[in-house]
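*Asks:* Here it is, the structure, as structure tokens.
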Amino acid sequence: MEVEIDISGPDDSILNKTKHDDEDVLKPTNEGNSSGSQNSDISYHDDENDDDDGNGGGGGDGDGMIDDDDDGDYYMFESSKEDDEAHYLNMQAQFDNVDLPPGVEASFSWLNDLPPAISSTVLDHHAHTHDHELPNMPLCKSTDIASSSSSAPPNTLSSPVVENETETKEELKKKFEHFKLFDFVDDFSDHHFNNAGFQGQQPPRTWTKKIQEEWKILEKDLPDTIFVRVYETRMDLLRAVIIGPAGTPYHDGLFVFDVHFPPAYPDTPPMVYYYSGGLRLNPNLYDDGKVCLSLLNTWTGEGSEKWMPSNSTMLQVLVSIQALILNDKPFFNEPGYDSMYPGTVGVKKSKSYNEDIFILSLKTMIYTLRRPPKYFEELVVGHFCSRAHVILSACRAYMEGVPVGSAINGVHPGDKSGSKPFKAAVARMINGLVSNFSRSGATNCEQYRVEADGHLC
Numbered sequence: 001m002e003v004e005i006d007i008s009g010p011d012d013s014i015l016n017k018t019k020h021d022d023e024d025v026l027k028p029t030n031e032g033n034s035s036g037s038q039n040s041d042i043s044y045h046d047d048e049n050d051d052d053d054g055n056g057g058g059g060g061d062g063d064g065m066i067d068d069d070d071d072g073d074y075y076m077f078e079s080s081k082e083d084d085e086a087h088y089l090n091m092q093a094q095f096d097n098v099d100l101p102p103g104v105e106a107s108f109s110w111l112n113d114l115p116p117a118i119s120s121t122v123l124d125h126h127a128h129t130h131d132h133e134l135p136n137m138p139l140c141k142s143t144d145i146a147s148s149s150s151s152a153p154p155n156t157l158s159s160p161v162v163e164n165e166t167e168t169k170e171e172l173k174k175k176f177e178h179f180k181l182f183d184f185v186d187d188f189s190d191h192h193f194n195n196a197g198f199q200g201q202q203p204p205r206t207w208t209k210k211i212q213e214e215w216k217i218l219e220k221d222l223p224d225t226i227f228v229r230v231y232e233t234r235m236d237l238l239r240a241v242i243i244g245p246a247g248t249p250y251h252d253g254l255f256v257f258d259v260h261f262p263p264a265y266p267d268t269p270p271m272v273y274y275y276s277g278g279l280r281l282n283p284n285l286y287d288d289g290k291v292c293l294s295l296l297n298t299w300t301g302e303g304s305e306k307w308m309p310s311n312s313t314m315l316q317v318l319v320s321i322q323a324l325i326l327n328d329k330p331f332f333n334e335p336g337y338d339s340m341y342p343g344t345v346g347v348k349k350s351k352s353y354n355e356d357i358f359i360l361s362l363k364t365m366i367y368t369l370r371r372p373p374k375y376f377e378e379l380v381v382g383h384f385c386s387r388a389h390v391i392l393s394a395c396r397a398y399m400e401g402v403p404v405g406s407a408i409n410g411v412h413p414g415d416k417s418g419s420k421p422f423k424a425a426v427a428r429m430i431n432g433l434v435s436n437f438s439r440s441g442a443t444n445c446e447q448y449r450v451e452a453d454g455h456l457c
């Protein structure tokens, strides 16, 4: 399906369209690394109902509570209890001690030597976007870097991030409230494209000026649901965190993207990498990190649907990802599905797909909370603390059959047509959410815990 949106640029409006490769997306994948591609993310699916602090979870069969460490029984995949336990232990071992062969990496390099999740990482640097004389920047090994791979060395994943217990809730709230939409940071070592760029020469002044113009646009016009950090010593790099829109299966989630402005920018579009964690939660966001968007020239398009060097901007890319990719009916992003599945058939398949996607989005929430990207620690913790009750209340509504995306701020429609497998899957996730939200500083979350039969405690 062609999805279109008018996005105002600095000069004129562009009409953007998003599509992706034609393949079966009826069942989102959470298999992580697939043959033929290097997925630099460790899968999120190890965090399902994971409660490693022992509070209220892990009761197993003996105490009538859902085992918060029950990870293997995601409802889209049939498995025995023994297989589930072995699967969980195997995945947990990966996070405790990753030992990857050459050429395969754990992309979350921000996990090494992480500061506390509520440490002060928002810089007081208020530099204006003036002309910069840049130091030597490493030259990209190829001018055509695949957005789905990285040359960073393998990393050993650190322990899950927990809150700084010495920091008061008021201090946390204050830091979150003052977290800037746009800011400058220093350390780019964990960035997916850290080995791209210029080497042995200064970038052209026209290129530098264009990047500074992009900074000004972002600093001035970012919506309050997109957060950006740029690097003064590496002007070719950018990191963005996008909040999932309300009314979609991505609601209240945080989605992390790394961006590289190539030497030929803006004649060629930016390269964008999505930290998928091995989860395919959208037809346009591949588990190897590829972002499929006509504005990035990663899908066919005509005229203003594609990247236009004189008009297109990074802001338009970010807004397009949020509005066109993270939409309320991502099933129909698959080309041809709107005509292949018309009427009630399409509605049913789209609804089922949204249920699958929401479970993957919950897994992404837990993993992002426990392992936040560098320089976004306060945003991640503050966001999930402030939205914990909204998310958990929505989960409770979904367990009662309310359609995904329709439970907004405690207001639930009369429709209770959610599938039984989906309701059971949400029940298996909710205790892990409660534990992780509580650890991060959210209060009064225990009321949402469920027993082994799926009923509230």
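Number 253 in full-length UniProt numbering belongs to position 253 of the sequence shown; there are no gaps in the numbering.
Every residue gets a Cβ at the ideal spot worked out from N, C-alpha and C, and that includes glycine.
1. In three-state terms, what does DSSP make of Glu446?
2. Which one of Ser350, Thr368 and Ser440 has the shortest CA to CA distance from Pro403?
3. Which class does Arg239 belong to by DSSP, given the choice of helix, strand or coil?
4. Nearest-angstrom Cα distance between Pro266 and Tyr448?
5. Within its chain, find whatever has a CB closer than 6 Å to the CB of Pro309; leave out the 5 residues flanking it on each side and keep chain order.
6. Of the choices Asn444, Tyr353, Asn284 and Arg234, whose alpha-carbon is the least far from that of Pro335?
7. Kindly indicate if chain B contains any beta-carbon less than 8 Å away from that of Lys175.
8. Name the residue from Lys420, Tyr375, Ala323 and Gly441 whose alpha carbon lies nearest to the alpha carbon of Leu181.
9. What is the residue span of the alpha helix (DSSP H) that Leu433 lies within?
10. Suppose contacts are defined by Cβ-Cβ distances below 8 Å. Is Leu296 in contact with Pro269 by that definition?
11. To the nearest whole angstrom, what separates the beta carbons of Phe193 and Leu237, a pair I think is in contact under 8 Å?
12. Is Leu279 closer than 8 Å to Lys363 when the C-beta atoms are compared?
13. Taking just the CA atoms, how far does Glu219 sit from Tyr341?
14. Measuring straight from C-alpha to C-alpha, what distance separates Arg439 and Ala246?
15. Mind checking Gly432: buried by the 16 CB within 10 Å criterion, or exposed?
16. Give the DSSP-derived three-state secondary structure of Asn282 in the structure shown.
17. What distance in whole Å lies between the Cβ atoms of Ile243 and Val291, which are believed to be in contact at a cut-off of 8 Å?
18. Hey, is the region 183-191 in contact with the region 222-230, meaning 3+ C-beta pairs nearer than 8 Å?
19. Reducing DSSP to helix, strand and coil, say where Glu213 ends up.
20. Just list the residues that DSSP pairs Asp338 with in beta bridges.
21. Mind checking Gly382: buried by the 16 CB within 10 Å criterion, or exposed?
22. Output the boundary residues of the beta strand (DSSP E) element that contains Met271.
23. Based on the DSSP output, what are the partners of Lys290 in its beta bridges?
24. For Ala427 and Met399, what's the separation of their Cα atoms in angstroms?
25. Please list the terminal residues of the continuous beta strand (DSSP E) segment that includes Ile226.
26. On a Cα-Cα basis, can you pick out the residue from Asn436, Thr248 and Lys423 that is closest to Pro372?
27. How many Å lie between Asp287 and His191 at the Cα?
28. What residue range does the beta strand (DSSP E) around His260 cover?
29. Count the CB pairs spanning the region 249-258 and the region 202-219 that are closer than 8 Å, and state whether there are at least three.
30. Per DSSP, what are the beta-bridge partners of Arg234 in this structure?
31. Give every residue of the same chain whose Cβ lies closer than 8 Å to the Cβ of Asn327, excluding the five residues on either side of it in the sequence, and list them in chain order.
32. Between the beta-carbon of Phe358 and the beta-carbon of Leu369, is there less than 8 Å?
33. Which of helix, strand or coil does DSSP assign to Val404?
34. Just reading off the alpha helix (DSSP H) that Phe184 is part of, what are its end residues?
35. With burial defined as no fewer than 16 other Cβ atoms inside 10 Å of the residue's Cβ, what is the status of Lys416: buried or exposed?
36. For the alpha helix (DSSP H) containing Glu394, name the first residue and the last one.
*Replies:* Judging by the given coordinates:
1. helix
2. Ser350
3. strand
4. 49 Å
5. Pro266 and Asp267
6. Asn284
7. Checking the listed chains, one finds no chain B in this structure; it contains a single protein chain.
8. Tyr375
9. Lys420 to Arg439
10. yes
11. 6 Å
12. yes
13. 42 Å
14. 25 Å
15. buried
16. strand
17. Contact doesn't hold; Cβ gap of about 17 Å is too wide.
18. yes
19. helix
20. Asp338 pairs with nothing; no bridge assigned.
21. buried
22. Met271 to Tyr274
23. Tyr273
24. 7 Å
25. Ile226 to Tyr231
26. Asn436
27. 18 Å
28. Leu254 to His260
29. no
30. Tyr231
31. Val3, Pro245, Thr248 and Asn333
32. no
33. coil
34. Run containing Phe184: none in the alpha helix (DSSP H); it sits in the beta strand (DSSP E), Phe182 to Val185.
35. exposed
36. In the sequence on display, residue 394 carries Ala and not Glu. Here the alpha helix (DSSP H) through Ala394 covers Glu377 to Met399.
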